[in-house]
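J.: I'd like to ask you about the structure that follows.
Number of protein chains: 2
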Amino acid sequence: MRFTTEKRTDDVLEREFTLGDIPGILWTPASTPAPLILLGHPGGLRRMYPRLAARAAQCAEEGFAAATIELPGSGDRPRSAAAEEARADLRRALEAGDPVDDEIIDRLVLPLVDTAVPEWQAALDALVALPEIDGPVGYSGGVISIGVRLAVVEPRISAALLFAGSFVPRSMIEQARQVTIPLLVLLQWDDEGNDRQMALELFDALGSQEKTLHANMGGHTGVPRFEGDDGNRFFARHLK
Amino acid sequence: MRFTTEKRTDDVLEREFTLGDIPGILWTPASTPAPLILLGHPGGLRRMYPRLAARAAQCAEEGFAAATIELPGSGDRPRSAAAEEARADLRRALEAGDPVDDEIIDRLVLPLVDTAVPEWQAALDALVALPEIDGPVGYSGGVISIGVRLAVVEPRISAALLFAGSFVPRSMIEQARQVTIPLLVLLQWDDEGNDRQMALELFDALGSQEKTLHANMGGHTGVPRFEGDDGNRFFARHLK
């Protein structure tokens with residue numbers, strides 16, 4: 001892990017880094033060592049930067065560090081021809097108003113999960129080795145299938161806020177049953193970018209004894225501001 | 001409205017009252033005049049008292065007054081033979097594991113709503129005339145069909161926390177479309193006392209632009225403690 005830039009705003013230290021070929025960003029609060037929240041996103045760090053920086057600032061207010069890495073096939077990372085093709089097939093189905101074939105969702109999401117999850121684990125290895133990071137780790141947002149897989153395979157993650165805002169492969173329902181950590185699941189009720197019924201099935205399948213669903217109006221990007229506060233309180237309950 | 005008892009605990013003044021034949025309780029915080037939250041419940045004030053007093057104490061912490069009245073056919077109020085029969089039919093259907101007929105739910109809930117809602121409105125008339133009460137009014141919990149009908153017909157109610165914990169007549173779905181006030185809807189995911197799919201349909205139908213669903217595990221009476229705080233923050237956003 002190599003830090004490449006450094007910027008300080010309102011007591012938050014923001015540092016870009018590279019982990020091999022993967023770019024990432026780490027935000028640390030004034031008081032360290034701090035518990036860490038991994039910030040998921042749909043891919044495209046530059047495009048997502050304003051929202052990620054805002055979420056990191058909210059984390060810092062609660063005393064949490066936050067970190068994120070670019071997803072495979074997004075931002076400046078090499079594209080995958082298969083993923084681009086699956087994405088085009090999904091777009092075509094949505095534009096035609098057709099139901100989206102399970103097979104398209106599998107081609108789009110499963111290879112992404114298989115590649116991304118070990119990368120997030122490698123990032124976690126590097127991040128928890130830093131003197132600024134200590135304590136339990138949370139995962140927040142991004143592609144929900146990545147969050148579910150991480151919650152299953154990564155014992156260092158103690159609590160997760162999952163955003164049910166992307167299409168979910170059928171096989172993730174079975175994986176969801178293996179999740180046991182406390183969860184807060186956000187669902188935008190009229191989200192154009194996922195399948196509400198599937199999101200509810202996934203919530204139902206999640207094996208955690210403590211799981212809460214928060215559903216709101218307002219479309220994919222319309223998550224209300226108060227959910228940021230609710231998310232912070234969720235992590236404060238479980239990471240402190 | 002006639003006050004019959006008076007008790008002070010931790011800065012909260014609790015007074016029982018009667019409104020005609022209907023018993024009720026009013027809790028006022030140290031600082032008055034205060035906005036009012038009407039506390040719904042499933043019927044049986046004595047049985048529900050510990051939970052209602054705890055919710056009233058949480059309201060008082062936020063500076064809200066709270067009030068409740070007995071439901072028709074519950075507690076010390078005269079029983080309705082028709083409602084008792086419908087309740088027995090519901091119990092039989094649940095014990096036999098049969099699907100519950102819409103007709104039973106209609107017989108159980110609709111007369112209750114028709115009788116209770118004007119009573120809550122009469123109580124509201126008397127409560128807002130008190131010098132201790134001033135500002136917007138909220139409604140919280142209880143039989144969800146009463147909350148939906150009140151939200152439709154009572155313009156003094158500015159925000160409602162609805163508990164999707166009772167069976168809902170089909171015709172309430174159409175009424176739900178007329179609700180426009182901000183809503184927080186609580187659902188216990190594995191509640192034995194309602195129909196999850198119907199609760200989700202009701203949430204979907206509610207006409208409010210700002211509506212949030214919080215679903216948790218733990219059965220009908222297992223609403224997590226942190227939902228009390230979330231409810232207070234919801235009312236603080238809308239009644240202050």
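Protein chains in written order, with my numbering: chain C, 1 to 240; chain R, 1 to 240. Using N, Cα and C, we set each Cβ at its ideal position, and we do this for glycine too.
1) Is any beta-carbon of chain C found at less than 8 Å from that of residue 225 of chain R?
2) Shorter than 8 Å from the beta carbon of residue 211 of chain C to some beta carbon of chain R?
3) Do you know how far the Cα of residue 182 of chain C is from the Cα of residue 42 of chain R?
4) Would you please state the rounded distance, in angstroms, between the beta carbons of residue 59 of chain R and residue 37 of chain R? I believe it to be under 8 Å.
5) Determine, using beta carbons only, whether residue 220 of chain R comes closer than 8 Å to chain C.
6) First and last residue of the beta strand (DSSP E) that includes residue 144 of chain C?
7) Cutting at 7 Å between CB atoms, please list the residues of its own chain near residue 46 of chain R, excluding the five before and the five after it.
8) Between which two residues does the alpha helix (DSSP H) holding residue 134 of chain R run?
9) Quick one: give me the first and last residue of the alpha helix (DSSP H) that residue 237 of chain R is part of.
10) Spell out the partners DSSP gives residue 167 of chain R in its beta bridges.
11) Within 10 angstroms of the Cβ of residue 139 of chain C, are there 16 or more other Cβ atoms? Answer buried if so, exposed if not.
12) To the nearest angstrom, report how far apart residue 152 of chain C and residue 159 of chain C are at their CA atoms.
13) Determine contact between the region 216-223 of chain C and the region 205-225 of chain R, defined as no fewer than three beta-carbon pairs at a distance below 8 Å.
14) May I ask which residues mark the beginning and end of the alpha helix (DSSP H) holding residue 54 of chain C?
15) Once you ignore the five residues that flank residue 13 of chain R on each side, which residues in its own chain have a CB closer than 6 Å to its CB?
16) Distance cutoff 8 Å, beta carbons only. Does residue 232 of chain R sit that close to anything in chain C?
17) Indicate the three-state DSSP secondary structure (helix, strand or coil) for residue 203 of chain C in the structure shown.
18) Starting from residue 238 of chain R, find everything on chain C with Cβ-Cβ shorter than 9 Å and list it in chain order.
19) Distance check for residue 2 of chain R and residue 235 of chain C, CA to CA, integer angstroms please.
20) Which bits of chain R does residue 198 of chain C rub up against, with CB to CB less than 7 Å?
21) At a Cβ threshold of 8 Å, is residue 164 of chain R touching chain C?
22) Going by DSSP, what residue range makes up the beta strand (DSSP E) through residue 16 of chain R?
23) Can you name the start and end residues of the beta strand (DSSP E) that residue 36 of chain R belongs to?
24) Indicate whether residue 148 of chain R and residue 162 of chain R have their beta-carbon atoms separated by less than 8 Å.
25) Are the CB atoms of residue 62 of chain C and residue 232 of chain C nearer to each other than 8 Å?
26) Could you say which of R:224, R:237 and R:229 lies nearest to residue 225 of chain C if we only look at CA atoms?
27) Against residue 216 of chain C, what residues of chain R qualify as contacts under a CB-to-CB distance less than 9 Å, listed in chain order?
28) Looking only at its own chain, which residues have a Cβ that is under 6 Å from the Cβ of residue 6 of chain R, when we skip the five neighbours before and after it?
29) Quick check on the burial criterion: 16 or more other C-beta atoms within 10 angstroms. Buried or exposed for residue 101 of chain C?
30) Residue ranges of each beta strand (DSSP E) run of no fewer than 3 residues wholly in the region 69-124 of chain C, ordered along the chain?
31) Just to confirm my understanding: we take residue 31 of chain R, look at its own chain, exclude 5 residues before and 5 after, and list those with CB closer than 8 Å. What are they?
32) Go through its chain and collect everything with a Cβ distance to residue 180 of chain R's Cβ below 6 Å, but skip five positions before and after it.
33) Under 8 Å, do residue 195 of chain C and residue 167 of chain C count as touching if we go by C-beta distance?
34) Who pairs with residue 185 of chain C in a beta bridge, going by DSSP?
35) Quick one: grab the DSSP three-state call for residue 156 of chain R.
36) What is the DSSP secondary structure of residue 127 of chain R, reduced to helix, strand or coil?
T.: Well, looking at it:
1) Not an interface residue.
2) By this cut-off, residue 211 of chain C is an interface position.
3) When rounded, the distance between both Cα atoms is 30 Å.
4) That pair is a contact at about 5 Å.
5) In terms of beta-carbon proximity, residue 220 of chain R stays away from the interface with chain C, with every pair separated by 8 Å or more.
6) No beta strand (DSSP E) holds residue 144 of chain C; the alpha helix (DSSP H) holding it covers 144-153.
7) Excluding five sequence positions before and after residue 46 of chain R, the CB atoms of its chain that fall closer than 7 Å to its own CB belong to 75, given in chain order.
8) Unbroken run through residue 134 of chain R is the beta strand (DSSP E), 133-141; no alpha helix (DSSP H).
9) For residue 237 of chain R, the enclosing alpha helix (DSSP H) stretches over residues 226-239.
10) Among the bridge pairs identified by DSSP, residue 167 of chain R is matched with none.
11) Around the beta-carbon of residue 139 of chain C, 16 or more other beta-carbon atoms lie within 10 Å, marking it buried.
12) Going from the Cα of residue 152 of chain C to the Cα of residue 159 of chain C covers about 11 Å.
13) A contact exists between the region 216-223 of chain C and the region 205-225 of chain R.
14) According to the DSSP assignment, residue 54 of chain C belongs to the alpha helix (DSSP H) that extends over 45-61.
15) So the qualifying residues of the chain are 28.
16) Judged by the 8 Å Cβ criterion, residue 232 of chain R is not in contact with chain C.
17) In the structure shown, residue 203 of chain C sits in a helix (DSSP, three-state: H, G or I).
18) For the C-beta of residue 238 of chain R, not a single chain C residue is nearer than 9 Å; the gap to the nearest is close to 11 Å.
19) The C-alpha of residue 2 of chain R is placed about 47 Å away from the C-alpha of residue 235 of chain C.
20) In chain order: nothing, as chain R lies at least about 14 Å away.
21) Not one chain C Cβ lies under 8 Å of residue 164 of chain R.
22) Residue 16 of chain R -> beta strand (DSSP E) spans 12-19.
23) Note, residue 36 of chain R: beta strand (DSSP E), 34-40.
24) Yes, the pair counts as a contact, with Cβ atoms nearer than the cut-off.
25) Residue 232 of chain C is positioned such that its CB atom lies closer than 8 Å to that of residue 62 of chain C.
26) Cα-wise, what sits closest to residue 225 of chain C is R:237.
27) From the beta-carbon of residue 216 of chain C, the residues of chain R found nearer than 9 Å are 210, 211, 212 and 213.
28) Counting only Cβ-Cβ distances below 6 Å, and skipping sequence neighbours, we find 15.
29) Per the 10 Å Cβ criterion, exposed.
30) Taking only runs of at least 3 residues, no beta strand (DSSP E) segment lies wholly in the region 69-124 of chain C.
31) Closer than 8 Å at the Cβ level, and outside the excluded window around residue 31 of chain R, lie 63.
32) Within the same chain, residue 180 of chain R has close Cβ partners 207 and 208.
33) Against a cut-off of 8 Å, the Cβ pair of residue 167 of chain C and residue 195 of chain C comes out as a contact.
34) Partner residues in the beta bridge of residue 185 of chain C, as assigned by DSSP, are C:162 and C:213.
35) Three-state DSSP puts residue 156 of chain R in coil, outside helix and strand.
36) Residue 127 of chain R: helix per DSSP, three-state reduction.
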